[in-house]
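Down below is the structure, laid out as structure tokens.
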Amino acid sequence: HPLSGPVEAKPACASVSLTRSTLQEIKQELKELGEQQEMTKATLEQLVTKTADQLQEQVRSGGSAPTTHQLSSEREQAEAQAACPVCSTDISVQVGQLLQRYEKLQELVDSFMSRQAPAPTLPSTTLLSSSLKQDEELLKRIQATVMQVQGDYEKLSSVTGNLLDDRHQKQKDIEV
Numbered sequence: 001h002p003l004s005g006p007v008e009a010k011p012a013c014a015s016v017s018l019t020r021s022t023l024q025e026i027k028q029e030l031k032e033l034g035e036q037q038e039m040t041k042a043t044l045e046q047l048v049t050k051t052a053d054q055l056q057e058q059v060r061s062g063g064s065a066p067t068t069h070q071l072s073s074e075r076e077q078a079e080a081q082a083a084c085p086v087c088s089t090d091i092s093v094q095v096g097q098l099l100q101r102y103e104k105l106q107e108l109v110d111s112f113m114s115r116q117a118p119a120p121t122l123p124s125t126t127l128l129s130s131s132l133k134q135d136e137e138l139l140k141r142i143q144a145t146v147m148q149v150q151g152d153y154e155k156l157s158s159v160t161g162n163l164l165d166d167r168h169q170k171q172k173d174i175e176v
């Protein structure tokens, strides 16, 4: 039926539009997470430098080395000021949400692709066939972008883990 073709294409276009929108949101969130991660890293480095400088100053001024209790208190104050544990938790939550959104997006793409059946090439369906080919090309690009987002997510997770490991190691170094 010539009329059924364009009507079937409308939900597909809506699905593609929703997928594009979701993909843009995910890209923006990844960008924001990366920026937040850089700020957290800079804050951690500043805290480590500040604490090391304070320790060196105490040793130079002839003061006794700080006790474990003093170091613990200073560390707690530094963590409270930098809110690093909150940032780390916040990043973990955001990464989890991003992963959930990615999975939903992948489900949408899979669902859309499973509904696509090869259309018969009849003179009355040439326009529909052309539209479907464009949609398929668009979906391929979206899938490639989704795969890139997944790779970015994995890199972000790795970097976050490395930052946390570095933070813990620097804290241990300070305590020693």
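For the sequence shown, the residue numbers in this note's numbering are 1 to 176. Here a beta-carbon is modelled for each residue, glycine too, at the ideal position from N, C-alpha and C.
The beta carbon of Tyr102 sits closer than 8 Å to the beta carbons of Ile26, Val146, Val149, Gln150, Tyr153 from its chain, once the five residues preceding and following it are set aside; these are given in chain order.
At a Cβ-Cβ threshold of 9 Å, Leu156 and Gly34 count as neighbours. Counting only unbroken stretches of 3 or more residues, no beta strand (DSSP E) element lies wholly within the region 96-170. For the 9 Å CB-CB criterion, Val159 and Gln28 do not form a contact. The beta carbon of Glu136 lies closer than 8 Å to those of Gln116 in the same chain, with the five residues before and after it left out. In the structure shown, Val176 falls within a coil segment according to DSSP collapsed to helix, strand and coil. Taking C-beta atoms under 8 Å as the contact rule, Leu23 and Leu98 fail to qualify, at a distance of about 12 Å.
Put simply, of Gly96, Arg167, Gln106 the residue whose alpha carbon is nearest the alpha carbon of Lys140 is Gln106. With 16 or more other Cβ atoms from the protein chains shown falling within 10 Å of its own Cβ, Thr40 counts as buried. By the neighbour-count definition (other C-beta atoms within 10 Å, threshold 16), Thr49 is an exposed residue. Between Arg167 and Leu18, the CB-CB gap reaches or exceeds 9 Å. Looking only at Lys170, Met113, Asn162, the smallest Cα-Cα distance to Val16 is reached by Met113. Taking 9 Å as the cut-off, the Cβ atoms of Ile142 and Val176 do not count as close.
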